[in-house]
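Structure, as structure tokens:
In UniProt numbering, the protein residues as written are 1 to 287.
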């Protein structure tokens with residue numbers, strides 16, 4: 001078996017890497033938001049987490065919506081997905097994106113506005129449903145949608161007025177952490193997405209970005225899952241959700257060391273080639 005660095009729990013990679021590669025390295029696996037977990041029955045022995053859906057048709061799900069009908073439909077989509085995950089005995093975590101705070105577009109005809117308390121209540125209801133299957137809900141910090149909001153790369157951070165821009169809950173580290181605390185359920189924890197962290201940090205001047213990303217690691221006991229990738233902290237490529245192999249971007253070494261040491265399951269949320277994966281594993285081992 002190829003060399004794999006030591007972490008608290010076995011590393012995972014996406015199912016798109018293929019079962020042969022997953023088994024070759026002794027990894028676990030996770031389905032992505034674009035996957036239907038039902039399509040991966042042959043992965044059952046290695047499938048330990050799943051990514052919940054984020055859309056229904058072309059519309060983004062919104063469990064915080066002020067539109068009661070669409071909110072209830074969104075909650076039912078997550079409960080249905082939990083039912084499907086229950087057929088995989090090793091799936092113990094369901095990763096969820098936060099709901100929409102404000103999202104107006106040609107495709108988002110329903111659920112455009114979300115409210116904080118409605119979001120907290122909905123997570124609680126979904127988590128209560130997940131308890132019957134002994135599944136933990138992990139809430140992923142989301143990226144800042146620079147391109148979707150039509151913000152040119154040459155625009156400086158202090159020139160952007162984010163009010164009225166399309167956003168979800170859980171983008172800011174303080175809100176991400178507080179929402180987990182406000183749900184206050186044993187089976188609700190946080191998923192740290194390090195590539196998303198970088199897109200958020202680009203809202204600030206370069207000399208403030210290290211300090212801002214550190215806030216995401218300020219409550220490590222709440223983080224039980226990680227989507228680990230690299231990204232560009234200092235140039236505008238980092239405004240995109242780059243999902244680079246760890247070590248190929250410019251997130252600080254100390255940030256990566258802290259992530260490696262978390263008491264959390266870790267997904268390397270990308271797969272390019274086996275050679276690049278082996279280089280990444282060597283980088284992680286040397287942290």
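Yeah, the Cβ is synthetic: ideal placement off N, Cα and C, and Gly gets one too.
Note that the structure is predicted; figures quoted are calculated from it, not measured.
(request) Grab the span of the alpha helix (DSSP H) containing residue 9 for me, first residue to last. (result) Taken as a continuous stretch (DSSP letters only), residue 9 belongs to no alpha helix (DSSP H), as it is neither H nor E.
(message) So, at 8 Å on beta carbons, what are the nonlocal neighbours of residue 160 in its own chain, with the 5 sequence-adjacent residues on each side left out?
(response) Taken in chain order, the residues that qualify are 151, 203.
(request) Would you list the one or two residues that DSSP bridges to residue 102? (result) Looking at the DSSP assignment, residue 102 forms a beta bridge with 113, 167.
(message) Give me, in chain order, the residues of the same chain whose beta-carbon lies closer than 6 Å to that of residue 112; leave out the 5 immediate sequence neighbours on both sides.
(response) Leaving aside the five residues that flank residue 112 on each side, the residues in its chain whose CB is nearer than 6 Å to its CB run, in chain order, 103, 104.
(request) Return the CA-CA distance between residue 178 and residue 99, expressed in angstroms with no decimal places. (result) Approximately 15 Å, taken between the alpha carbons.
(message) Closest to residue 118 by C-alpha separation, out of 65, 148, 131, 134, would be which residue?
(response) For residue 118, the closest alpha carbon among the candidates 65, 148, 131, 134 is that of 65.
(message) Could you check whether residue 226 and residue 284 sit closer than 8 Å to each other, using their CB atoms as the reference points?
(response) Contact: no.
(message) With a threshold of 8 Å, are at least 3 pairs of Cβ atoms found where one atom belongs to the region 49-62 and the other to the region 28-36?
(response) With a cut-off of 8 Å, the region 28-36 and the region 49-62 count as touching, because enough Cβ pairs lie within range.
(message) Starting from residue 50, trace the beta strand (DSSP E) in both directions and tell me its first and last residue.
(response) Here the beta strand (DSSP E) through residue 50 covers 47-51.
(message) Determine whether the beta carbon atoms of residue 170 and residue 139 lie at a separation below 8 Å.
(response) Yes, the Cβ-Cβ distance between residue 170 and residue 139 is below 8 Å.
(message) Among 237, 235, 224, whose alpha-carbon lies nearest the alpha-carbon of residue 135?
(response) Checked all of 237, 235, 224; the closest Cα to residue 135 is 224.
(message) Mapping the DSSP letters down to three states, classify residue 195 as helix, strand or coil.
(response) Three-state result, residue 195: helix.
(message) With distance defined between alpha-carbon atoms, name the residue in 84, 29, 132, 122 nearest to residue 73.
(response) Scanning 84, 29, 132, 122 for the CA closest to the CA of residue 73 turns up 122.
(request) Assign residue 282 to buried or exposed, taking buried as 16 or more other Cβ atoms, counted over all protein chains shown, within 10 Å of its Cβ. (result) Taking all protein chains shown into account, residue 282 has fewer than 16 neighbouring C-beta atoms within 10 Å of its C-beta and is therefore exposed.
(request) Consult DSSP for residue 176 and reduce its assignment to one of helix, strand or coil. (result) Correct three-state label for residue 176: helix.
(message) Starting from residue 225, trace the alpha helix (DSSP H) in both directions and tell me its first and last residue.
(response) First-last for residue 225: 223-228, but that is the beta strand (DSSP E), not the alpha helix (DSSP H).
(request) Quick one: residues in its chain with C-beta nearer than 8 Å to the C-beta of residue 18, no 5 flanking neighbours on either side, listed in chain order? (result) Taken in chain order, the list of residues that qualify is empty.
(message) Please state the DSSP three-state secondary structure of residue 140.
(response) DSSP, reduced to helix, strand and coil, places residue 140 within a strand of the structure shown.
(request) Note down the Cα distance separating residue 221 from residue 258, rounded to an integer number of angstroms. (result) So the alpha carbons of these two residues sit roughly 12 Å apart.
(request) Counting only the same chain and skipping the five closest in sequence on each side, list residues whose C-beta sits under 7 Å from that of residue 124. (result) Non-local C-beta neighbours of residue 124 in its own chain, meaning closer than 7 Å and more than five positions away in sequence, comprise 183, 185, ordered along the chain.
(request) Give, in chain order, every unbroken run of the beta strand (DSSP E) that is at least 3 residues long and sits entirely within the region 18-70. (result) Listed in chain order, the beta strand (DSSP E) runs fully inside the region 18-70 are 28-30, 47-51, counting runs of at least 3 residues.
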